[in-house]
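Residues 4 to 540 (my numbering) are what the sequence shown spells out, left to right.
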Amino acid sequence: MFDGLMQLFASSGFIPHGYCFAWSSTLLWTYVIANALIAIAYFSIPVALVIVTRSRADLHFNRVMLMFAAFILACGATHIFDIITIWQPIYWLDAWTRLATGVISLMTAIVLWRLIPQIRAFPSPRQLSEANIKLQDEIAARKDKEMELKASEEELRLLSETLEANVVERTAELAETNARLQGEVADRQRMQNELQILNRKLEETLRQQAARSNEMEQLNKMGDLMQSCVSVQELSHVLCNFSAGYLEAPAGAVYLIEDESGLVNAESSWGVLPEAERTFPPANCWALRRGQIHPADALQQNLHCQHVSDDSDHVCVPLIGNGETLGLLHLRQPRGLHESAFLDGVAKRAALALVGLKTREALFNEATHDPLTGLYNRRYLDGAQDDAERRAKRSNRSVGLMMLDLDHFKAINDNYGHEVGDDVLREFSAQLKSSLRSGDVACRYGGEEFTVILNGASLATTRQRAEQFRQSVEQMGVKYRDRILKFTVSIGIAAYPEDGNQLADVLHAADAALYFAKNHGRNQVASAANMREAATP
């Protein structure tokens, strides 16, 4: 048994694999730190679960929580062994730990599935609320009966005490009783009137609560739709449909503030929106100036925004997220009577969705664009290349590829400095962007090399456009002190399917043509056909 236990810690016959990182210290330690942080988090969760189960012994699912804690603890152990086995190949112990983790996770899953009928059998909040209302009604009815019974008992007691009195006394008592009964009748009538008033108030309160619940339900539905949007235009359409339908506004628009110009532009609209109202400066809107809904009260009712061309009633709701004014929801003559708090809820959900979309867009641009030139980077090129190949094969169309390299760029950096070299790259990239057509993709391949994918372009079209661009670069220049620096570009071209059945092969052909162009004088366009002609004696 001891030998079997020691076998778990045996490392002979194995070598630490290092996860095939080629022992890159930065990548290795990033991996180690990531696994360590995950393990720390996993080890802290069971402690929290144990504290909860001990402090709340009345909970019905403590056993499941303890099993889940064991599962999380085992998961944390696997991450610790992921770190240890980088240097110490104790794979048997690592394997048994993972097997134990699998067994614990399977047991936890079985217990969870067995608990599902019990959890589904729990009464819903609605059922509890209905039972509570019925119980309160029964208690109130019992109290009313008790009060009536006590009143009747008191009357019987008073009557029994007066039985032995003489006629005069009985007459007086009867008169007194009659007067008292009349007073009770009057009091009861007054109580009934008060109860009717209270019932009407209660009905109104319930009606208002139902209206608020419906508003919250609509807000949540709209918020869910907005969070599922993948573009600002899609989100604007959702907000327009909600405003036209639920808010009952016959016309209006969703405006967004442009980052560069600062103007407010209509992203989407419904109904009749005058052309003059589609773009305006933020100062023309009370809501954008004050950062609040306008008009918010009777005092502001006659203060019309300058961007509204007529005197019709309107409501402007600013869209503010993370302290930044993102845009505006404009409602023209809304027929639905909604409180400012509800409109503010609409604006907050729209702003939150806008912030999320902008954040995702910024992260996507950062991951797929070259920061210096603004072109797509090589990482994006790999995906764009696969997409272009799939579309070309599906539609049986050709695809043109250009590999571009700035001539003597190293000399520009050496003679004039890297700042001037960066200016050349930026100017060149701007010219390249302006030459693109819809569906074209331009990427910075690396250094002074660039790649352009021309979807649907034949080899002849690719050569024509490459030559046009080469000539346009010849006319360019970058100002350096009191002179203009000229530069040229060499271009290698290839096309699918003429130069390869896969775009990766076509890219290699274009790259080879590029080096042919550079080795035969630069500032020219070359193709695989040129290479073959040069190789023919």
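Idealized CB from N, CA, C, for every residue including glycine.
Under 8 Å between the Cβ atoms of residue 531 and residue 497?
Counting from one through the sequence shown, the residue named residue 531 turns up at place 528. Counting from one through the sequence shown, the residue named residue 497 turns up at place 494. For residue 531 and residue 497, yes; Cβs fall inside 8 Å.
Mark residue 537 as exposed unless 16 or more other C-beta atoms lie within 10 angstroms of its C-beta, in which case mark it buried.
Taking the sequence shown and counting its residues from 1, one reaches residue 537 at position 534. With fewer than 16 other Cβ atoms within 10 Å, it is exposed.
Work out the CA separation of residue 523 and residue 369 for me, nearest whole Å.
As a position in the sequence shown, residue 369 is number 366, starting the count at 1. As a position in the sequence shown, residue 523 is number 520, starting the count at 1. Straight-line Cα distance between these residues: approximately 38 Å.
I need the boundaries of the alpha helix (DSSP H) containing residue 47, first residue and last residue.
Residue mapping note: residue 47 aligns to position 44 of the sequence shown, counting from 1. Where residue 47 is concerned, the enclosing alpha helix (DSSP H) stretches over 28 to 58.
Please classify residue 250: does DSSP put it in a helix, a strand, or coil?
Start at 1 with the first residue of the sequence shown, and residue 250 comes out as number 247. It is coil, neither helix nor strand.
Kindly indicate which residue of 216, 270 and 428 has the alpha-carbon position closest to the one of residue 260.
What you label residue 260 is simply residue 257 of the sequence shown in a count that begins at 1. It is 270.
Take residue 97 as the anchor and find which of 80, 106, 147 and 109 has the nearest alpha-carbon.
Your numbering for residue 97 matches position 94 in the sequence shown. Answer by Cα proximity: 80.
Pick from 456, 428 and 457: whose alpha carbon is nearest that of residue 476?
Translated into positions along the sequence shown, residue 476 becomes position 473. Ranking 456, 428 and 457 by Cα distance to residue 476 puts 428 first.
Could you tell me the alpha carbon to alpha carbon distance between residue 247 and residue 335, rounded to whole angstroms?
Working through the sequence shown from its first residue, we reach residue 247 at position 244. Working through the sequence shown from its first residue, we reach residue 335 at position 332. In a straight line, the C-alpha of residue 247 is about 10 Å away from that of residue 335.
Out of 357, 380 and 298, state which residue places its alpha-carbon closest to the alpha-carbon of residue 325.
To locate residue 325, count along the sequence shown from 1; it is residue 322. Checked all of 357, 380 and 298; the closest Cα to residue 325 is 357.
Whose C-beta lies closer than 8 Å to the C-beta of residue 414 among residues of the same chain, with five residues either side of it excluded?
Mapped onto the sequence shown, residue 414 falls at position 411. Excluding sequence neighbours, residue 414 sits near nothing in its chain.
Residue 116 to residue 47, Cα distance in whole Å?
Taking the first residue of the sequence shown as 1, we reach residue 116 at position 113. Taking the first residue of the sequence shown as 1, we reach residue 47 at position 44. Taking the straight line from one Cα to the other gives about 25 Å.
Using the three-state DSSP reduction, which class does residue 2 fall into: helix, strand or coil?
The requested residue 2 does not occur in the structure, where the chain is confined to residues 4 to 540.
Quick one: complete beta strand (DSSP E) runs, 3+ long, within the segment 250 to 319?
Correct list: 254 to 260 and 267 to 273.
Could you name the residues of the same chain whose beta carbon sits closer than 6 Å to that of residue 533, not counting the 5 residues immediately before and after it, in chain order?
Position 530 of the sequence shown, counted from the first residue, corresponds to residue 533. Cβ within range, chain order: n/a, list empty.
Among 347, 346, 348 and 294, which residue has its Cα nearest to the Cα of residue 327?
Within the sequence shown, the letter at position 324 stands for residue 327. Looking at the Cα atoms, 294 is the closest of the given residues.
When DSSP labels each residue in this structure, what does residue 482 get in the three-state scheme?
Here residue 482 refers to the residue found at position 479 of the sequence shown. Strand at residue 482.
In angstroms with no decimal places, state the Cα-to-Cα distance between residue 188 and residue 139.
The residue given as residue 188 occupies position 185 in the sequence shown. The residue given as residue 139 occupies position 136 in the sequence shown. About 26 Å.
Which residues does DSSP pair with residue 86 in a beta bridge?
To locate residue 86, count along the sequence shown from 1; it is residue 83. Beta-bridge pairing links residue 86 to no other residue.
Threshold first: 3 residues or longer. Then list the beta strand (DSSP E) segments lying entirely within the segment 315 to 380, N to C.
Within the segment 315 to 380, the complete beta strand (DSSP E) runs of at least 3 residues are 317 to 324 and 327 to 335.
Let me make sure I understand the geometry here. Which of 35, 45, 51 and 109 has the alpha-carbon closest to that of residue 90?
Indexing the sequence shown from 1 puts residue 90 at position 87. Checked all of 35, 45, 51 and 109; the closest Cα to residue 90 is 35.
Can you find the residues in the same chain that come closer than 7 Å, C-beta to C-beta, to residue 416, ignoring five residues on each side of it along the sequence?
Here residue 416 is taken as the residue at index 413 of the sequence shown, counted from 1. The residues are 424.
When you compare only the Cα positions, how much space is there between residue 310 and residue 288?
Residue numbering aside, residue 310 sits at position 307 when the sequence shown is read from its first letter. Residue numbering aside, residue 288 sits at position 285 when the sequence shown is read from its first letter. When rounded, the distance between both Cα atoms is 6 Å.
Just checking my contact of residue 387 with residue 444 at CB under 8 Å: how many whole Å lie between their CB atoms?
One-based indexing of the sequence shown puts residue 387 at position 384. One-based indexing of the sequence shown puts residue 444 at position 441. Rounded, the Cβ-Cβ distance is 5 Å, consistent with contact.
Just reading off the beta strand (DSSP E) that residue 408 is part of, what are its end residues?
Against the sequence shown, residue 408 aligns to sequence position 405. Start and end: 402 to 409.
Counting beta carbon pairs with one atom in the segment 400 to 407 and one in the segment 501 to 513, are three or more of them shorter than 8 Å?
The segment 501 to 513 vs the segment 400 to 407: in contact.
Express the C-alpha separation of residue 43 and residue 94 in angstroms, rounding to a whole number.
One-based indexing of the sequence shown puts residue 94 at position 91. One-based indexing of the sequence shown puts residue 43 at position 40. One C-alpha to the other measures close to 22 Å.
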